[in-house]
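A.B. asks: Just so we're aligned: the sequence shown equals residues -5 to 412 in the working numbering.
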Amino acid sequence: MRVYKFGGASVKDAEAVRNLERVLRLTGVDDTFVVISAMGKTTNAMEEIVDSYFDDKKGMVEAVAEVYEFHLKIVENLFEDKDHAIFKSIAALFDELRGFLTWNKSPNYNFVYDQVVCYGELLSTVIISTYLNKTGIENTWLDVRNLIKTDSNYRDVKVDWDRTQKKVSKGLEKNKLYITQGFLGSDDNNFTTTLGREGSDYSAAIIAYCIDAASVTIWKDVPGVLNADPRHFQETRLLEKISYREAIELAFYGASVIHPKTLQPLQRKEIPLYVKSFLHPQDPGTMVGKGMGIEPEIPCFIVKKNQVLMKLSSLDFSFIVEDSIGELFKLLHDYRMKVDLIQNSAISFSVCVDNKFGKLEELLKNLEGKFKVVHYENVSLYTIRHFDTAAIESLENGREVLLEQRGKETVQLVVNQS
Ligand code: ADP
Ligand code: ASP
Ligand code: MG
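(1) Taking only the alpha-carbon atoms, compute the straight-line gap between residue 72 and residue 128 and give it to the nearest angstrom.
(2) Please go through the same chain and pick out, in chain order, the residues whose beta-carbon is closer than 7 angstroms to the beta-carbon of residue 367, but skip the five residues on each side of it.
(3) Kindly list the residues whose CB is nearer than 7 angstroms to the CB of residue 230, restricted to its own chain and excluding five residues on each side of it in sequence; keep chain order.
(4) Check each residue's C-beta against every heavy atom of the ligand ADP and list, in chain order, those closer than 5 angstroms.
(5) Could you round the C-beta distance between residue 105 and residue 148 to whole angstroms and report it? I think they count as a contact, below 8 angstroms.
(6) To the nearest angstrom, how far is it from the Cα of residue 340 to the Cα of residue 317?
(7) By the 10 Å Cβ neighbour count, where 16 or more other Cβ atoms means buried, how is residue 163 classified, buried or exposed?
(8) Under the three-state reduction of DSSP, which class applies to residue 204: helix, strand or coil?
(9) Would you kindly work out how many angstroms separate the C-alpha atoms of residue 333 and residue 294, rounded to a whole number?
(10) Nearest-angstrom Cα distance between residue 393 and residue 378?
(11) Give the list of continuous alpha helix (DSSP H) stretches no shorter than 4 residues that lie fully inside the segment 252 to 324.
(12) Quick one, which of 399, 311, 347 and 382 has its alpha-carbon nearest residue 371's?
(13) On the DSSP letters alone, give me the boundaries of the beta strand (DSSP E) that residue 179 sits inside.
(14) In angstroms, rounded to a whole number, what distance separates the CA positions of residue 354 and residue 329?
(15) Given a cut-off of 8 angstroms, decide if residue 124 and residue 80 are closer than it, judged by their beta-carbon atoms.
(16) Could you tell me which residues DSSP pairs with residue 226 in its beta bridges?
(17) Give me the Cβ distance between residue 143 and residue 150, rounded to the nearest whole Å; I'm assuming they're in contact under 8 angstroms.
(18) At what residues does the alpha helix (DSSP H) containing residue 63 begin and finish?
(19) Sort 68, 21 and 24 by Cα distance to residue 9 and report the nearest one.
(20) So, are the CB atoms of residue 275 and residue 17 less than 8 angstroms apart?
(21) At what residue ranges does the segment 90 to 133 contain a whole run of the beta strand (DSSP E), taking only runs of 3 or more?
(22) Is it true that the CB of residue 65 sits closer than 8 angstroms to the CB of residue 141?
(23) Is it true that the CB of residue 131 sits closer than 8 angstroms to the CB of residue 171?
(24) Taking the alpha helix (DSSP H) that residue 389 falls in, what are its first and last residues?
(25) Following a CB-centred definition, is residue 34 positioned closer than 7 angstroms to any heavy atom of the ligand ASP?
(26) Decide if residue 406 is buried, meaning its Cβ has at least 16 other Cβ atoms within 10 Å, or exposed.
(27) Run through DSSP, which three-state label would residue 163 get?
(28) Nearest-angstrom Cα distance between residue 255 and residue 314?
(29) Quick check: the segment 183 to 193 against the segment 205 to 217, are there 3 or more CB pairs under 8 angstroms?
(30) Would you say residue 192 touches the ligand MG, meaning its beta carbon is less than 7 angstroms from a heavy atom?
(31) Out of 386, 108, 408 and 173, state which residue places its alpha-carbon closest to the alpha-carbon of residue 335.
(32) Between residue 30 and residue 173, which are expected to be in contact by the criterion C-beta below 8 angstroms, what is the C-beta distance as a whole number of angstroms?
(33) Can you tell which of 181, 177 and 217 has the C-alpha that lies nearest to the C-alpha of residue 195?
(34) Can you tell me whether residue 349 is helix, strand or coil according to DSSP?
(35) Can you tell me whether residue 37 sits near the ligand ASP, meaning its C-beta is under 7 angstroms from at least one heavy atom of the ligand?
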């Protein structure tokens, strides 16, 4: 069996859903497990619902209505029969969502987030599965929350591999097409959990691992993995082949075309990953697989914007060594900072972090009693793999470099955002 993953961009409107149907017809539909994200920017819209729920609830009703309208338009475009059961299915999902928002008593933001945001994926998969069945592409819709089991660290869960393996391998039939949600799982109490933003690539890898898939293909709005993000760099080039190791490095440093957690399960079972264009499904795209380095071998650029650089030094000129570094990492973990880069010397310690969970102020308050702290917000972290002098110069380009770190294959620069 093979696993396909279609992200938000590939199902952003009715035309995109028709294109997904075209991709399936071109590449065949048997023995395929399809993982689908929420449509377009729906997850952001769901986050707004959660925020207004915790704010003053004023904008909430409107925010829910907007998401409803967005999906209704797509459904109206895809189903000419206005009495089709899909209209009831969609309305029922919204009733469920409104019910949760009315009756929920939990003040836990992350818990509420997962119970609400999941409707993006539930809606997209119900619409697409029903649409495909209507057009003659027979498929079975699965609720991924019955398959992927996780802990209860809402919004950033860890997968319970043993339980997931057991659930996924139960009852799958040969020659079938399955449709399920990316991004979601469930905990011991069967509450919905999410794998972290952009986590649907990871969902595809989890399922592929559990069913020993022959391959995974993630369908994107780019021709494959390029040597830089075309949104931020001009003249990008397609990487034809990449080893797992290289892809893990690129994803880890922030090449957001592949979610960083995706590669490890695939590498463990040597399942090849293809990154392909949903607009040109017959083009080869990029193949990620066993031991091939990178082809062509050219510098690869990665940028992470809106990062925070903290430069810490000891208050009394004492060394920053094991005990204080240990304490620092504990704090970074407690405040859920994602660490991008560290550099230390005898009495100073610099760390570049992604303030993903908005806890920077609390962390700084805590640190300020213990260290002298200088911090810079909104900095960009550039990483170049397989760098050469010209590649570094093209990035520096007269900008103030706040921190530089060089290894054999990788150079990283933290610069003020321009
Ligand atoms: P999805 O629709 O699956 O969520 P994403 O938007 O997460 O897709 O990923 C595709 C986007 O990743 C592209 O539109 C591109 O802007 C960005 N991207 C970042 N780095 C790269 C890279 N090295 N190669 C190709 N695309 C990249
Ligand atoms: N819909 C989720 C998000 O936008 C998961 C994903 O698309 O990968 O983050
Ligand atoms: Mg995405």
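The beta-carbon is built from N, C-alpha and C at its ideal position, and this holds for glycine as well.
C.D. replies: This is what the structure holds:
(1) 10 angstroms
(2) 304, 306, 358 and 361
(3) 220, 221, 222 and 224
(4) 1, 2, 3, 214, 215, 216, 219, 220, 223, 225, 249, 250 and 251
(5) 5 angstroms
(6) 13 angstroms
(7) exposed
(8) helix
(9) 21 angstroms
(10) 16 angstroms
(11) 257 to 262
(12) 347
(13) 178 to 180
(14) 8 angstroms
(15) yes
(16) In the DSSP output, where bridge partners are listed per residue, residue 226 has none listed.
(17) Wrong, their Cβ atoms sit about 16 angstroms apart, outside the cutoff.
(18) 54 to 72
(19) 68
(20) yes
(21) none
(22) no
(23) yes
(24) 383 to 390
(25) no
(26) buried
(27) helix
(28) 31 angstroms
(29) no
(30) yes
(31) 408
(32) 7 angstroms
(33) 177
(34) coil
(35) yes
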